[in-house]
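Enquirer: Read in our numbering, the sequence shown has 99 at position 92, and its numbers run on one by one without any break.
Structure in structure tokens, see below.
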Amino acid sequence: MQTTQSTKRKQPFPLPNPHIIAKFGLVQKRNTQKLKHTTNKMKTPIIALILSLFLAFSSQAKNKTVKTDSVEIIKDFNSAFKFQNYYISAQPSLEVLRWYKSQGVSSIINLRTEKENQDFATYAFNEKNMAKELDLDYYSLPIGGIKDYTPENLEAFAKLIEGDKKLLIHCRSAGRATTVFMAYLIKHKGYSVNEAAKVGRQLKFSLPLEKVLGKEISLEIED
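Here's what the structure looks like:
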């Protein structure tokens, strides 16, 4: 009697569980209809989830400070710079003040002392009066030297520049304006000292030691 050998083809490997296949999108024909039904049921919650994540991300991005070190040098004027919505400069002339107005500046923060402003008015113009004539908000925050670099003055400065309006911040040569602005970036905008210094070096911040060494110095705040 002849023995008949089975001709059933051997599977090279066992077929995976159809439920596992379905998770990877590889569905057998007999399960296609069932998967379609499941997919349709899942569409609505998935879309809702994606939408909620998008809205949450958008809200977070809107509230998060965007850090940048890009400073625009305004070459037509002496020591004049633009960083984000802030103009930081030396004492502007009347012509330059009018130019700032044309660029959308709405407020001036003058860091010069009362004596400096009085002296300037004798040979140039009264800045406070001119600001009023140009319909610019004018604020005086005298920073005369080391004694005026205080946490209290920094807080006063921060209150003046909050918001997204365009501002002009100036002193005589932009040095004091740079120092106070750097402190503001660190204390109120989340910049590290090195990040603020990177911005400041493009303004009027400098350390003589860096010039002697020919290298930038890494800085940090000690608790």
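Think of the CB as a built atom: it goes at the ideal place given N, C-alpha and C, for glycine as much as any other residue.
On a predicted model such as this, the values are computed, not experimentally measured, just so you know.
Counting only runs of 4+ residues fully inside the stretch 99–180, write out the alpha helix (DSSP H) ranges in chain order.
Expert: Fully enclosed alpha helix (DSSP H) runs of 4 or longer: 101–109, 121–130, 134–140 and 158–168.
Enquirer: With distances taken from CA atoms, which of Y145, A131, E140 and K139 is nearest S114?
Expert: In the sequence shown, counting from the first residue as 1, residue 114 sits at position 107. The residue with the shortest Cα to Cα distance from S114 is Y145.
Enquirer: Does the Cβ-Cβ distance between I150 and V187 come in under 9 Å?
Expert: As a position in the sequence shown, residue 150 is number 143, starting the count at 1. As a position in the sequence shown, residue 187 is number 180, starting the count at 1. Yes, these two residues count as a Cβ contact at 9 Å.
Enquirer: Who are the Cβ neighbours of S155 in its own chain at under 7 Å, not counting the five residues just before and after it?
Expert: Residue 155 sits at position 148 when you count from the first residue of the sequence shown. It should be noted that the sequence gives Asp, not Ser, for residue 155. These residues qualify, in order along the chain: P149.
Enquirer: What residue range is occupied by the uninterrupted alpha helix (DSSP H) comprising Y191?
Expert: One-based indexing of the sequence shown puts residue 191 at position 184. Note, Y191: alpha helix (DSSP H), G182 to H195.
Enquirer: Under three-state DSSP, which class holds K211?
Expert: If you number the sequence shown from 1, residue 211 lands on position 204. Coil at K211, not helix or strand.
Enquirer: Using 9 Å as the threshold, is the C-beta distance between G111 and K194 below it?
Expert: Taking the first residue of the sequence shown as 1, we reach residue 111 at position 104. Taking the first residue of the sequence shown as 1, we reach residue 194 at position 187. No, the Cβ-Cβ distance between G111 and K194 is not below 9 Å.
Enquirer: Is the Cβ-Cβ distance between Y107 and L175 less than 9 Å?
Expert: For the purposes of this step, residue 107 is taken as residue 100 along the sequence shown, with counting starting at 1. For the purposes of this step, residue 175 is taken as residue 168 along the sequence shown, with counting starting at 1. Yes. Within cutoff.
Enquirer: So what does DSSP say about A87, is it helix, strand or coil?
Expert: Position 80 of the sequence shown, counted from the first residue, corresponds to residue 87. Three-state DSSP puts A87 in a strand.
Enquirer: So A203 packs on L192, CB below 8 Å; how close in whole Å?
Expert: Taking the sequence shown and counting its residues from 1, the one referred to as residue 203 is at position 196. Taking the sequence shown and counting its residues from 1, the one referred to as residue 192 is at position 185. Right, the Cβ-Cβ distance comes to about 4 Å (below 8 Å), so this counts as a contact.
Enquirer: Under 6 Å Cβ to Cβ from G81, same chain only, skipping five residues before and after it: list those, please.
Expert: Here residue 81 is taken as the residue at index 74 of the sequence shown, counted from 1. The amino acid occupying residue 81 in the given sequence is Ile; Gly does not appear at that position. Cβ neighbours of I81 beyond the five flanking positions: A87.
Enquirer: Can you tell which of T185, D171, K139 and N201 has the C-alpha that lies nearest to the C-alpha of L161?
Expert: Within the sequence shown, the letter at position 154 stands for residue 161. Comparing Cα positions, the closest option is T185.
Enquirer: So, F90 versus S109, is the Cβ gap smaller than 9 Å?
Expert: Taking the first residue of the sequence shown as position 1, residue 90 is located at position 83. Taking the first residue of the sequence shown as position 1, residue 109 is located at position 102. Cβ atoms of F90 and S109: not closer than 9 Å.
Enquirer: With a Cβ-Cβ cutoff of 9 Å, do S225 and A97 count as a contact?
Expert: The residue labelled residue 225 in the question sits at position 218 within the sequence shown. The residue labelled residue 97 in the question sits at position 90 within the sequence shown. No, they are not a contact pair.
Enquirer: To the nearest angstrom, how far is it from the Cα of A68 to the Cα of F132?
Expert: Counting from one through the sequence shown, the residue named residue 68 turns up at place 61. Counting from one through the sequence shown, the residue named residue 132 turns up at place 125. Note that A68 has pLDDT 37, beneath the 50 cutoff, so the model's placement of it is unreliable and the number below is only indicative. Approximately 43 Å between the Cα atoms of the pair.
Enquirer: Considering only the alpha carbon of each residue, which of D142, A190, K218 and L167 lies closest to F105?
Expert: Here the question's residue 105 lines up with position 98 in the sequence shown. According to the sequence provided, residue 105 is Arg. The question's Phe does not apply to it. Nearest option by C-alpha distance: D142.
Enquirer: Are N92 and D171 close, meaning C-beta to C-beta below 9 Å?
Expert: Here residue 92 is taken as the residue at index 85 of the sequence shown, counted from 1. Here residue 171 is taken as the residue at index 164 of the sequence shown, counted from 1. Yes, Cβ-Cβ distance for N92 and D171 is below 9 Å.
Enquirer: Please look up how many angstroms separate the CB atoms of I116 and I168, rounded, as I've assumed it's under 8 Å.
Expert: The sequence position of residue 116 within the sequence shown is 109, counting from 1. The sequence position of residue 168 within the sequence shown is 161, counting from 1. At roughly 7 Å, the Cβ-Cβ gap stays under 8 Å, so I116 and I168 are in contact.
Enquirer: How many whole angstroms separate the CB atoms of G182 and K211, which I take to be in contact at a CB cut-off of 8 Å?
Expert: The residue labelled residue 182 in the question sits at position 175 within the sequence shown. The residue labelled residue 211 in the question sits at position 204 within the sequence shown. Confirmed, about 5 Å.
Enquirer: Taking the alpha carbon of I153 as the point to measure from, which residue in T120, N124, Q125 and Y130 has its own alpha carbon closest?
Expert: Here the question's residue 153 lines up with position 146 in the sequence shown. Measuring from the Cα of I153, the nearest candidate turns out to be T120.
Enquirer: Run the CB neighbour count on L101, radius 10 Å, all protein chains shown included, and call it buried at 16 or more, exposed below.
Expert: As a working mapping, residue 101 is identified with position 94 in the sequence shown. Exposed, by the Cβ-count rule.
Enquirer: Return yes when the Cβ of L118 is within less than 9 Å of the Cβ of H177, no when it is not.
Expert: The count along the sequence shown starts at 1 and reaches residue 177 at position 170. The count along the sequence shown starts at 1 and reaches residue 118 at position 111. Going by C-beta atoms, H177 is nearer than 9 Å to L118.
Enquirer: With DSSP run on the structure shown, which of helix, strand or coil describes E79?
Expert: The residue labelled residue 79 in the question sits at position 72 within the sequence shown. Strand.
Enquirer: Ends of the beta strand (DSSP E) at Y93?
Expert: Residue mapping note: residue 93 aligns to position 86 of the sequence shown, counting from 1. That run of the beta strand (DSSP E) goes Y93 to S96.
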